[in-house]
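Undergrad: Right, I'll just put the structure down here and ask away after.
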Amino acid sequence: MSRTAMILVLLVVILGGGAAVLLLTQNQSPQPQPDQPIAAQEPQFTPIPPVEFVEIVIALQELPRGIVIPEDGVGLRPWPKESLPINSIDNVRDVVGRIARTDIVRESPVLSTQLVDNISQIASAGSDAAAVLPNGLVAVAMPIDRLTNVAHAPMSGDTVDIIISFLFVDVDDQFQTRLPNKITLTVLKQDGTLEFQSGIEGRIEPSGDFPFPIVVGPSEIQRPRLVTQRTIQNALVIHVGTFPPDGDFLNRRPTPPPPPTYDPARGGPTPLPTPTFTPLPPKDIITLAMEPQEAVALVWAIESRLPITLALRSARDRNAPPTSTNAVSLEYMITEYRVPQPAALPYSLEPAIRSIRRLILSDEVTLSTQDR
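Be aware that the sequence shown starts at 548, since it is given in my numbering, and climbs by one per residue.
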């Protein structure tokens, strides 16, 4: 190839490369630059309140019933204050050397009611109910059903509030009988004797239409006025149902199975029959621990046959301070929930609505519209 031809080829290559670069730069669109950088948004987290802990004595090993608790058998561990067990202990010296009244599971809190000072106290310590009862409290039993016992949700160790309803009627302060009183009219006869007429219920009121006073009587028996209030708070559930005859409701002494019988024909023990399931009777009584004065108030309510309802408390509210509630009456319901009194209209529904549904508790909780 001549020198002139080589120069022409190089020029063609250079021009082609320049044209390609020019086309590429024209096809690329410029990227827009933001005026200001966008700050990254950090997620917002709701601060969780810190959990307060206290140190209590727990079992570092299995402590069977009757063992003298060794020094290395217990120790201090932090425990959430809001779920602190009743009768817990905060000093190891109060536990070491004492005797376990019941089996104490490893990593469980050691309670003062689980300890005795000598082995003879285990047999004479009384029932489990008295052992688990906190100091200064007394136990009272009361009847329950599914409606008054939160559908049988409370178990041993729970806490409940007690709600009581009252029916008030007006009575004569001397007779202590329901008003109105019966009025017996007397007539002075001409011979000076008194004639007694039959008794009339009502009150004597003057009347402008008649020369003599009249007796205004009721159209029905006086209607009682219902008031409901929470009374006793934070009562501890000791047991639900009837206590066993031996007092061991904690099931610490399991019943051993019966020994197998020998069958000569088979040359071995006879297999035990398949156990049949027997449904347990409904639990209709509950035992609660409370202050002595509260126990007296509860017994009075039971003796007065007042409706009593239990309200289950949260396990986290066991050590919460007492709170107050407002007594609920018809006036409270109308005022608090703004229930208007319906106007008397010149028309109505047919058939007439004379009663509303009521809860009836028997074997099944049902609704009834039957008039009382």
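Think of the CB as a built atom: it goes at the ideal place given N, C-alpha and C, for glycine as much as any other residue.
1. Closer than 8 Å is the cut-off here; do at least three beta carbon pairs connect the stretch 879 to 893 with the stretch 781 to 794?
2. Looking at residue 651: is its Cβ nearer than 8 Å to the Cβ of residue 607?
3. Quick check on the DSSP output: the beta strand (DSSP E) that includes residue 837 runs from which residue to which?
4. Report the option in 682, 721 and 773 whose CA atom is closest to the CA atom of residue 877.
5. If you draw a straight line from the C-alpha of residue 766 to the C-alpha of residue 776, how long is it?
6. Taking the Cβ atom as the reference point for each residue, do residue 624 and residue 599 lie within a distance shorter than 8 Å?
7. Measure the CB-CB distance between residue 833 and residue 696 and report whether it falls below 8 Å.
8. Would you report the Cα separation of residue 661 and residue 630, rounded to the nearest angstrom?
9. Where does the unbroken alpha helix (DSSP H) through residue 787 begin, and where does it stop?
10. How about residue 762 and residue 747: are their beta carbons less than 8 Å apart?
11. Answer with buried or exposed for residue 880, where buried requires no fewer than 16 other C-beta atoms within 10 angstroms of its C-beta.
12. Residue 675: which of 867, 703 and 732 sits nearest, CA to CA?
13. If you compare alpha carbons, which of 561, 714 and 657 is closest to residue 854?
14. Cα separation between residue 700 and residue 864?
15. Which residue wins for smallest C-alpha separation from residue 684, given the options 843, 892, 645 and 768?
16. Less than 7 Å separating the Cβ of residue 767 from some heavy atom of the ligand NAP?
17. Helix, strand or coil for residue 882, going by three-state DSSP, please let me know.
18. Taking Cβ to Cβ, would you say residue 689 is nearer than 8 Å to residue 835?
19. Starting from the C-beta of residue 633, find all residues in its chain whose C-beta is less than 8 Å away, skip the five residues before and the five after it, and write them out in chain order.
20. Could you tell me which residues DSSP pairs with residue 662 in its beta bridges?
21. Is the separation between the beta-carbon of residue 626 and that of residue 596 shorter than 8 Å?
22. For a quick check, are the C-beta atoms of residue 721 and residue 731 less than 8 Å apart?
23. Let me know the secondary structure DSSP gives residue 840 once reduced to three states.
24. Please check the pair residue 665 and residue 646, which I expect to be a contact at CB under 8 Å, by giving their CB distance rounded to whole angstroms.
25. Is DSSP giving residue 640 helix, strand or coil here?
26. What first and last residue would you give for the beta strand (DSSP E) that runs through residue 688?
27. If you draw a straight line from the C-alpha of residue 857 to the C-alpha of residue 785, how long is it?
28. Could you spell out where the alpha helix (DSSP H) holding residue 708 opens and where it closes?
29. Under the assumption that residue 726 contacts residue 718 (Cβ atoms under 8 Å), give the Cβ distance between them as a whole number of angstroms.
30. Count the other C-beta atoms from every protein chain shown that fall within 10 angstroms of the C-beta of residue 605, then say buried if there are 16 or more, exposed otherwise.
31. So, at 6 Å on beta carbons, what are the nonlocal neighbours of residue 890 in its own chain, with the 5 sequence-adjacent residues on each side left out?
32. Would you tell me roughly how many angstroms separate the C-alpha atoms of residue 919 and residue 838, rounded to the nearest one?
33. Taking a contact to mean a Cβ-Cβ separation below 8 Å, would you say residue 663 touches residue 648 in this structure?
34. Take residue 622 and list the residues in its own chain whose beta-carbon comes closer than 6 Å to its own, dropping the five residues that flank it on each side.
35. Hey, which unbroken runs of the beta strand (DSSP E) at 3 residues or more fall wholly within the stretch 727 to 773?
TA: On the basis of the coordinates in this document:
1. no
2. no
3. 832 to 837
4. 773
5. 31 Å
6. The answer is no: Cβ separation not under 8 Å.
7. yes
8. 19 Å
9. No alpha helix (DSSP H) contains residue 787, which is instead part of the beta strand (DSSP E) from 782 to 787.
10. Result yes, Cβ atoms of residue 762 and residue 747 sit closer than 8 Å.
11. A residue is called buried once 16 or more other Cβ atoms fall within 10 Å of its Cβ, and residue 880, having fewer, is exposed.
12. The residue with the shortest Cα to Cα distance from residue 675 is 703.
13. 714
14. When rounded, the distance between both Cα atoms is 17 Å.
15. 843
16. This structure does not include the ligand NAP; it has no bound ligands of any sort.
17. helix
18. yes
19. Taken in chain order, the residues that qualify are 658, 681, 783 and 865.
20. 647
21. no
22. no
23. helix
24. 7 Å
25. Collapsing the DSSP output to three states places residue 640 in a helix.
26. 685 to 690
27. 14 Å
28. No alpha helix (DSSP H) contains residue 708, which is instead part of the beta strand (DSSP E) from 706 to 715.
29. 6 Å
30. Buried, by the Cβ-count rule.
31. Result list for residue 890: empty, nothing under 6 Å.
32. Model confidence at residue 919 stands at a pLDDT of 42, short of 50, so the residue's coordinates are unreliable; what they give is reported in the following sentence. Whole-angstrom Cα-Cα distance: 39 Å.
33. Cβ distance < 8 Å, so residue 663 and residue 648 count as in contact.
34. 607
35. 733 to 735, 741 to 743, 750 to 752 and 761 to 763
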